[in-house]
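Below: the structure, in structure tokens.
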Amino acid sequence: MPYKLDVWADGACRRNGQPGAIGGAGIWFGRPVNGSRGWIRALPLHPIPTNQRAELTAIIFALEMARDRRDELNDRPYFMLTVYTDSKYAHGCMCEWLDQWRDNGWVNSRGVAVVNRDLIQEAADLLDDLENGGEVKFTWIPREQNQDADRLANEAYDKQEYY
């Protein structure tokens, strides 16, 4: 019997791409993982945080937590993960452009290096791992359907404001 896991991911950034920018990622699981449903992560201050980097960080965070959960399961069942995001950019990176970028040596259709390659490649490596013995689906949802993850992403960067 497959093991199904749903996770909602969101990233947020204050002062997007400007000096002093801070960002956070929040993920919300449909069922508790390690005793909790919600998790937060602050973005590093370098490179300067942006909304796009925050959204990709949330995807990475979700994939890492799902991988860890899969690895904790004793019998390693077929693993079915759905990641929900309200970011058309992050969804496009994972579902529309990833294979083409890999095939083209990480340059886009205009011949320019892919922006945020470091994060996209990290997410792609996690995706490859999870798809070995399972399946991963990314689903775009309207922002209103991602409120728990959004709240957590904002909490992640709010905590940075006070340090």
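Residue numbers (this note's numbering): -3 to 159. Glycine residues also receive a C-beta, built at the ideal position from the N, C-alpha and C atoms.
Pairwise C-alpha distance: residue j and residue i
| i | j | result |
| --- | --- | --- |
| residue 81 | residue 67 | 24 Å |
| residue 20 | residue 150 | 6 Å |
| residue 159 | residue 139 | For residue 159, the predicted structure reports a pLDDT of 49, less than 50, and the residue's modelled location is therefore unreliable. The matter cannot be settled from this model. |
| residue 145 | residue 7 | 8 Å |
| residue 147 | residue 120 | 26 Å |
| residue 152 | residue 54 | 11 Å |
| residue 31 | residue 47 | 29 Å |
| residue 93 | residue 16 | 30 Å |
| residue 103 | residue 96 | 9 Å |
| residue 87 | residue 71 | 31 Å |
| residue 109 | residue 74 | 36 Å |
| residue 169 | residue 130 | Because the chain in this structure spans residues -3 to 159, residue 169 falls outside the shown range and cannot be described. |
| residue 40 | residue 83 | 20 Å |
| residue 134 | residue 3 | 10 Å |
| residue 107 | residue 118 | 21 Å |
| residue 79 | residue 132 | 8 Å |
CB of residue i within 8 Å of CB of residue j, strictly
| i | j | result |
| --- | --- | --- |
| residue 5 | residue 62 | no |
| residue 25 | residue 33 | yes |
| residue 49 | residue 142 | no |
| residue 56 | residue 122 | yes |
| residue 52 | residue 116 | yes |
Simplified DSSP assignment, three categories, for residue i
| i | result |
| --- | --- |
| residue 59 | helix |
| residue 148 | helix |
| residue 113 | helix |
| residue 106 | coil |
| residue 17 | coil |
| residue 11 | coil |
| residue 159 | Model confidence at residue 159 stands at a pLDDT of 49, short of 50, so the residue's coordinates are unreliable; what they give is reported in the following sentence. If DSSP states are grouped into helix, strand and coil, residue 159 belongs with coil. |
Assumed close pair residue i, residue j - CB separation to whole angstroms, cut-off 8 Å
| i | j | result |
| --- | --- | --- |
| residue 90 | residue 0 | No, residue 90 and residue 0 are not in contact; Cβ-Cβ is about 19 Å, not under 8 Å. |
| residue 9 | residue 43 | Actually they are not in contact, since the Cβ atoms of residue 9 and residue 43 sit about 12 Å apart, beyond 8 Å. |
Interface flag, residue i vs chain C, CB-CB below 8 Å
| i | result |
| --- | --- |
| residue 56 | The structure shown has no chain C; it contains just one protein chain. |
What are the start and end residues of each continuous alpha helix (DSSP H) run of 4 or more residues lying completely inside the stretch 32 to 76, in chain order? DSSP runs (the alpha helix (DSSP H)) wholly in the stretch 32 to 76: 47 to 68.
Contained alpha helix (DSSP H) runs [length at least 4] in the stretch 77 to 105, N- to C-terminal order: You should have 84 to 88 and 94 to 99.
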